[in-house]
Amino acid sequence: MTLTNFIQLLVTGMAMGAIYALTAKGLFIAHLTTNRVNFGQGDFLMAASFISLAAIGAGLPLPLAVLAVVTVLSLMGWGLERFAVRPLDRFGAGRAGGALAWILTTAGMALILQNTVELLWGKSSQYSPPLFSDRRDNVITVGQIGFFLEELLIILAAFAAVGAFWWALFRTRWGRDVYTVAFNPDAASLLGIDVRRTVTSVWIIAALLAAVSGILVGPLVTVHPHMGLIFTIKALAVASLGGFANPIGILVGGILFGVAEALANYWDSKYGDLYPLLFVMAMLVLKPSGIFGESKADIR
Amino acid sequence: MSVQNSRRLAPVGWLLAIILVAAWPSLAPNPFFVHLGQTFAYTAIAVIGLNILLGLSGQMSLGQAGFYAIGAYGSAITATSFGWPIWLSMPFGLLVAGLMGVLLGLVALRTRGLYLAMATLAFGFIVEIWAQRAVDLTGGTMGLFGVPQLDFGDFRNVATYTFWVCAAALILVQLGSDWVFSSSSGRRLRAIKESESFAQTVGLNVPLWRTAVFAASAVLAGLAGVLFAHQSGFVSSDAFSIRLSIALLIAAVIGGLGDTRGPLLGTAILVAIAEVIAGFHTIGLIIYGGILLAVLLLVPEGAVGMLRAAVKLVRRADLPATASEAPVPQALTPRPPPPGTRRGGSLEVVGLSKAYAGVVALRDVSFSVAPATIHALIGPNGAGKSTLINCVAGLYRADSGSVRLGDHEVASLSAHQRARLGLARSFQNLQLISGLTVIENVMLGLPRLAGEGGVRAVMRWLAGLPHEEAERARAIAVLDALAIAHLADRTPGELPYGHRKLVELARALAQDPSVMLLDEPVAGLNPLEAQQIAIALRRLRDSGKTILLVEHNMEFVMDLSDRITVLDHGVVIADDTPSVVQADKRVIAAYLGADDIEAPESGKVTGP
Amino acid sequence: MIAVEAISARIGAVEVLSDISFSVAPGALLAVLGANGAGKTSLLRSVSNLLPLSGGRVTYDRQDISGIAPHLLARKGLVHVPQGRQIVPTLSVLDNLLLGASHLSQNDPDMMRKNLEDEFTRFPVLRERQRIPGGSLSGGEQQMLAVSRALMMRPKVLMLDEPSLGLAPQVARAILRALRSLTEQGVAVILVEQIAIGALKIADNGLVLRNGQVALRGSATELLADRGLVESYLG
């Protein structure tokens, strides 16, 4: 592998890694506040890709296309919480289906979503037009090395999205409310925080993170109705590297995951993409709370 | 009663099942139904495994298709590429699936809930991708052809033979499942599902059970895969996608999780749906997803639960209305407990300290509980009582100090090891397993009896005879000692709170403990109920049990205890008889505050 | 300001409160006492509607508050500081202070700034530590923060659940004195304490609970002299 090769792989890996991190942030925020996540997070991303592709294909300018995706995905996030997650609160953990029923209901929603997208846009793979440049393979040269402009801009956009998310989480009243509800819902309500609304907003934000990921990932991959599962799995893996608790660990973990994947793929084109996943599973055995996670006692 | 009756009919049921299986190929209107029977049988086997894993032990797997695939390939590849005979390749498939199960069970050992769901999902995905890409070995999506079928040399009747083999396997697996559900294993798995820390305190090695049940469900999924491979004679990686894992979950959920009959019903419904929606395949996933949501949100108990509710409704119409509310005797008179094998032992705590994140919860705590006495541990909020009792029980590990149970030093032992040495505890927030009857909850506490689950018990169970008489008799004796034997077949949820407290006590007693740790035995009880508990505890002490209790009801404590240890801010401030403790200045100050606070002044106050 | 009329409540099958009545006028301080498990925490939780009532009613500002969500009550000035302080450990001291205040129904930034200044004057240590995470404060500092955070919400009724729990005596005393000074500004205070004597010394009236019922009641001075007080704790 030449140095040029290596650096190009690094950039490609970072682009995918930033997407994984962004998707995983959605899992992180939902887990932080409700101890549940959307097992269809990847399918939300998939839906966002298709809507964005359709909107751009229909000739909408990028900002309007983004607006369309964001609107639909917010509604989806709201609907998921309202109809597939919240109703489970009626049942205690001892009941059939048990404390993990949310895994199955969110996965059930994902199946419905896949099928709906199939009905709307067909089963075949599609190519998304580039978002930022006029051609997919616009290359800019820095030093001796050529980079795809699109990839660089996608990395920038993903980082901007992570930055915006962090700003909301660490610098706004909403972020304070989220951490308070996560810490203790009863105490939060005694401070005048509307717990129910905060939880709903968290699921909407989680869906929006999938929306941004979905828009950005379009030009990097082929888009098809069953691509979601892979993203769900990888986002779960990335989030678990950060122990579902450490927002910075998730960003670092996501980038590392993407880069490791790109390098492994180069080294072993047949099974390379599986290596990072196997690594994360091994880590789960060795360090169950995540590499970047903090350990929590499991005693009642 | 109805339970006993249905048990007695069990052998008849099995006989009917065998006759049906034998006759099905001739009864079936056309070969398609024989084929459907095969599919039903092996799918049900995988669903049974999932039901035991998720329904009984509460562990989620989204990767059963992975084990199924490994079983299928394990047998198909050895039988085709290596030419192994079927009788060798099939067990090999099971073996590989089982090994994978143990390997993934290691993940289950270390993680739970979300992490386990994620790990199994990733596992299933990895297997699917491997199957697609390892074309040399698996044939990938094009598939592996010519997998030998179960024709026993008579290839015209291959459908019949395959059906018989699959159905026979299903009957054996269902028998196994029924046995698990009606024996101590099932009770223990339920206990692990509802509360791991509780399960430890009745002496269960929780990690071992969790891994074992994971491996067992993997073997069953593998068996289904093996049968599938030899049924179709063609194995393609397309068969093993996440959708298969989800379909198996749907069958388990529709049937009714946590009931041994659920998988059969659920699989039947799944197979039927699959046939019906073949014509609507464009919206197949919407239908699957919709069913999953509808069942979990509207009827989480599944088909079995609905049947049970229907039966109850019919029964209720038959019976006089009052029969369902069994009379609750107002005054119960506990009798002396049944003779146990263990005498009350002593409990000695020496120099115990424990800190959390730098905050000292216990500092150099020492006290000893003499055999056959009632010893109370009291102190104001935040004194460290819960920490202390959890350190004694082994749920927390103390930073330093020693805990001696009779002649054993137990400070370094785990909770389940301490339980086996004769330490029983009750919990402040009751830890009764809601899916079990009162007597089954008590049996959970029983130590393993000789012959439990032995050949004789299995034979009696197969014959539909009571197979746990010894255990039931012991449990009834314990319940009788607390005067609640008449509640044996009720579920805890139906009982008033005072009776639930007695059941919790009975379960601790069933452990045949030398020392009982009781965490707030009368919290939430009215004075009459508290009195009954007091009478029961005195009887226990008089029969030689040692009791250490934490309680806030001072009348109860002062009236009952032989000796009282008072904790405040993690330090022992008094250790004496009730009357001395009641008059102790330091104790009064700990509870009511020292009398040294100045009168109120106005004005603002600055921090220290 | 607040009147509790014959309320009862249950948790599952257990009746934790039965037939409890009292009222607190603006500027008065009521100490609610009793041993562990007597129902003190449940009492505050039912007044805040965190625990549904099974009987009776609560009026606040002459208005029946049954069915009003806890967060709305808090925004209206019925403020409850729960047991264990509940400082959000990952948020800074300043963020913790702003938590409740930023949800008030009529919120103006000037008022908030003034309140913040008041609290920093009340407990100067909070000003020094405003940038560090709440979780790294000492127990006493956390309790001050909890009190200040509640006061930032401009309460008309302030209910505190065992503010002295786990604190060194001098620190506990400082907190209690700060509470007393509040009543001069017309706040009605309900102070739940296990440590009876310290609480009664600053209270106007006291109420001793036992098994979810009122065992003793009277003025603070009467209760301090009552032999029944010790008995209600130690049998």
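Same order as they appear, the protein sequences are chains D, X and V. Each residue of the first sequence is one higher than the one before, starting from 1 at the first, in our numbering. Each residue of the second sequence is one higher than the one before, starting from 301 at the first, in our numbering. Each residue of the third sequence is one higher than the one before, starting from 909 at the first, in our numbering. Just so you know, even glycine gets a beta-carbon here, dropped at the ideal spot from N, CA and C.
Neighbour flag for residue i against chain D, beta carbons, 8 Å
i	result
X/Pro600	yes
V/Ser954	no
V/Thr998	yes
V/Glu923	no
V/Met909	no
V/Arg983	yes
V/Ser950	no
V/Leu1006	yes
X/Ile586	yes
V/Ser1010	yes
V/Leu1137	no
V/Pro1041	no
X/Tyr415	yes
Residues bridged to residue i [DSSP beta-bridge criterion]
i	result
X/Ala655	X/Val660
D/Gly146	D/Thr141
X/Val669	X/Leu647
X/Leu723	X/Val815
X/Glu709	X/Arg704
X/Leu848	X/His675 and X/Leu817
X/Arg863	X/His675
V/Ser931	V/Ala911
V/Val1079	Answer is none; V/Val1079 lacks a bridge partner.
V/Glu923	V/Arg918
V/Arg1118	V/Gln1121
V/Ile1098	V/Leu938 and V/Met1067
V/Arg965	V/Glu913
V/Leu986	V/Val1065
X/Asp876	X/Ile864
CB contact check: residue i to chain V, cutoff 8 Å
i	result
X/Leu892	yes
D/Asp298	Legend: pLDDT at D/Asp298 = 32, less than 50; position of this residue unreliable, no value from coordinates given.
D/Arg173	yes
X/Tyr696	no
X/His852	yes
X/Asn681	yes
X/Pro796	yes
D/Gly94	Reliability of the predicted coordinates at D/Gly94 is poor, the pLDDT of 48 falling under 50, and the value obtained from them is presented with this limitation in mind. No, D/Gly94 lies away from the interface with chain V (no Cβ there is under 8 Å from its Cβ).
X/Gly824	yes
X/Ile835	no
X/Ile888	yes
Minimum Cβ-Cβ distance from residue i to chain X less than 8 Å
i	result
V/Ile995	no
V/Gly945	yes
D/Met14	no
V/Gly1106	yes
D/Tyr20	no
How do the region 919 to 930 of chain V and the region 1117 to 1135 of chain V stand: do at least 3 beta-carbon pairs fall below 8 Å, yes or no?
-> yes
Of the residues that make up the region 175 to 191 of chain D, which ones have a beta carbon closer than 7 Å to any beta carbon in chain C?
-> Annotation note: the requested chain C is absent from the structure, which comprises protein chains D, X and V.
Short-range partners of chain V found in the region 191 to 209 of chain D, where Cβ spacing is below 8 Å = Leu191, Gly192, Ile193, Asp194 and Val195
Pull out every residue of the region 1062 to 1077 of chain V whose Cβ sits closer than 9 Å to any Cβ of chain X, in chain order.
-> Glu1070, Ser1072, Leu1073, Gly1074, Ala1076 and Pro1077
Would you be able to state if there are at least three C-beta pairs under 8 Å between the region 174 to 188 of chain D and the region 959 to 971 of chain V?
-> no
Which residues, in chain order, does the region 855 to 876 of chain X contribute to contact with chain V at a C-beta distance below 9 Å?
-> Glu855, Phe856, Val857, Met858, Asp859 and His869
Are there three or more Cβ pairs, one per stretch, closer than 8 Å when the region 32 to 41 of chain D is compared with the region 197 to 206 of chain D?
-> yes
Chain D contacts made by the region 324 to 349 of chain X, where a contact means CB separation under 7 Å = none
When Cβ atoms are compared, which residues of the region 426 to 440 of chain X fall closer than 7 Å to chain D?
-> Ile426, Ile429 and Arg433
Residues, ordered as in the chain, of the region 954 to 974 of chain V that lie near chain D by beta-carbon distance below 7 Å | Ser956 and Leu958
Would the region 708 to 722 of chain X and the region 481 to 490 of chain X be scored as touching if the rule is three or more Cβ pairs under 8 Å?
-> no
Any contact of the region 1050 to 1061 of chain V with the region 1015 to 1031 of chain V, i.e. 3+ C-beta pairs under 8 Å?
-> yes
Hey, is the region 555 to 565 of chain X in contact with the region 433 to 443 of chain X, meaning 3+ C-beta pairs nearer than 8 Å?
-> no
Can you list, in chain order, the residues of the region 35 to 67 of chain D whose Cβ is nearer than 7 Å to any Cβ on chain X?
-> Val37
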